[in-house]
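**Q** Quick one: the structure is below, questions incoming.
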Amino acid sequence: MSVKRSWRRVLAAVAAVVLVPGLSVALAAPSAQAAAGPSFTNPLVGAPNSADPSIAYSGGYWYYVATTWSSNIVMRRSSTMAGLKTATEKVLFSLAPGPGCCTMWAPDLQYTNGRWYIYFSAEPTPGQGQRRTGVLESNTTDPYGAYTYRGILNLEPSGGWAIDGSVVRFNGWPDHFVYSAFRGGEQSVFIAPMSSPIQVSSNGVRISTPNLSWERQGGAVNEGPYALYHNGQTFLTYSASSCNTPDYKLGQLTWTGGNPASASSWVKKSTPIFQRNDANGVYGPGHHSFVNSPDGTEMWIVYHANSSSSQGCGTTRTTRAQKIAWNSDGSPNLGVPVATGVTIPGPSGDS
C-alpha cells in the first residue's frame with residue numbers, strides 16, 4: 005500500500021469522528037496520559053450547599069450541583085475541578101415563586117439525547133404532599149442555561165414517598181431510574197424502567213434492602229444509588245446506615261445480566277466499599293457521584309462527609325473528591341477517604 009493511500013485512510017478515519025453536543029472527545033496516543041490538573045485539598049466545596057454532590061464534565065467545564073435545603077437549585081461551574089471551591093453559585097431554578105414551597109436535596113445531573121436533566125428530591129414537591137422526585141430539563145444543550153420543570157416521576161404506587169434518584173444505563177435495555185423508598189418495609193433501593201428522560205413506564209421494583217449489620221447502624225437504610233461502569237460491567241453503589249451517624253457508608257450491587265428490574269439480576273457485596281476513617285478524621289462518607297477525568301483515563305468519586313463524629317445530616321457535610329482504582333475482578337476499589345488539607349493532584353487532563 006502506498007504512503008499516500010495510507011494517509012488517506014487515516015484522514016478518513018479522523019473525519020468519521022462525530023462530536024456529540026454536551027460531550028467532549030479527546031484524541032491521544034492509547035498509552036499516553038495527560039498531565040494532572042491543578043491540585044486541591046478537600047473539602048472540594050465547603051458548607052453549606054455541599055451535601056449529596058453530583059458532578060459532570062462537558063465542553064471544558066465542570067458542573068456541580070448539591071443539596072441546598074431550600075427551594076433553589078444552584079450550580080457551580082469551573083474550568084478545573086480545583087476551581088469549584090471558589091466558583092460562583094448560580095440559581096438555575098426556583099421550585100416556587102415565593103418562600104415556603106419546598107426543601108430540595110440530592111440533585112442529580114444527567115445528559116441524555118441532547119439535553120441536560122436534574123432529578124431532585126423535595127418536600128413537599130410542587131403540587132404534591134410528600135417527599136417525591138421531580139425533574140428539570142435544560143432548554144438548550146447548555147447545562148449552565150435555563151431549565152424547565154417537567155413534573156414528578158411516578159415511581160411509587162399512589163404517589164408514595166420516593167427520593168435520592170439517578171439514572172442507570174444498560175446495553176440492550178432501556179434506561180432505568182434507581183431511587184430509595186419505604187414501600188411496605190425498611191428504606192430500600194428500587195429500580196424502574198424509563199419511558200423517557202422525564203418519566204418511568206412502571207413503578208419500581210425493590211433490588212436491595214438493608215439486611216446486613218453494617219447497613220443498619222443508627223437506622224436501617226439503603227439510599228442514594230448511583231451507577232458505575234467498567235470493562236463491560238455495571239455496578240450500583242449506594243449509601244447505607246443512618247446519615248445521622250459517622251457510620252454512613254457505601255455499599256455495592258453488581259448487575260449479573262438479565263432484566264435490570266428484577267432483584268435476581270443483582271448481587272450485593274457483603275462488605276462496605278467506602279466508610280469512615282478515624283485516622284484521617286473523615287466520618288459518614290456517602291451520597292456520591294462518579295466522573296471521568298477530562299482525558300478519560302481516570303475515574304473519580306465525589307462524595308460528602310463530616311469532619312467530626314458528632315456531626316450528622318445537616319449543613320456541616322462538605323464535598324470531597326479523590327481518584328479511585330479497580331480490583332482484579334474489575335470492581336471498584338475506592339480506597340479510604342482522604343483527610344482534609346492533604347494536597348491531591350487534579351484529574352488527568354484538567355487544564
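Be aware that the sequence shown starts at 5, since it is given in my numbering, and climbs by one per residue.
For each residue, glycine too, the CB sits at the ideal point set by N, CA and C.
Since the model is a prediction, treat every value here as computed from it, not as a measurement.
(1) Ends of the beta strand (DSSP E) at G350?
(2) Is it the case that the Cβ atoms of P289 and Q279 are separated by a distance below 8 Å?
(3) Is the Cβ-Cβ distance between V172 and G155 less than 8 Å?
(4) Ends of the beta strand (DSSP E) at F4?
(5) Quick one: what's got a C-beta closer than 7 Å to T45's C-beta in the same chain, skipping five residues either side?
(6) From the DSSP secondary-structure annotation, give me the bridge partner or partners of Q256.
(7) Go to W66, then tell me how far its beta strand (DSSP E) extends in each direction, as first and last residue.
(8) Which residues bound the beta strand (DSSP E) around M385?
(9) Leaving out five residues on either side along the sequence, give the residues of the same chain with a beta carbon under 7 Å from the beta carbon of A329.
(10) In three-state DSSP terms, what is P161?
(11) Among residues of its own chain, excluding the 5 on either side of I59, which ones have a beta-carbon nearer than 6 Å to its beta-carbon?
(12) Around the C-beta of G102, are 16 or more other C-beta atoms found within 10 angstroms, so that it is buried, or is it exposed?
(13) Among C247, E302, W270, Y65, which one has its Cα closest to the Cα of T238?
(14) Could you pull out every residue in the same chain whose Cβ sits closer than 6 Å to the Cβ of K4, ignoring the five residues on either side in sequence?
(15) Which residues in the same chain as C247 place their Cβ atom closer than 6 Å to its Cβ, once the five residues preceding and following it in sequence are excluded?
**A** A quick look at the data gives this:
(1) 347-352
(2) yes
(3) no
(4) Absent from the structure is residue 4, since the part of the chain shown begins at 5 and ends at 355.
(5) T344, G345, V346, T347, I348
(6) T241
(7) 65-69
(8) The requested residue 385 is not part of the displayed model; the chain covers only 5 to 355.
(9) N337, G339
(10) helix
(11) Y68, S293, V295, V306
(12) Legend: pLDDT at G102 = 49, less than 50; position of this residue unreliable, value from coordinates given subsequently. Label assigned to G102: exposed.
(13) W270
(14) The structure shown does not extend to residue 4, since the chain is modelled only from 5 through 355, so no value can be given for it.
(15) C317
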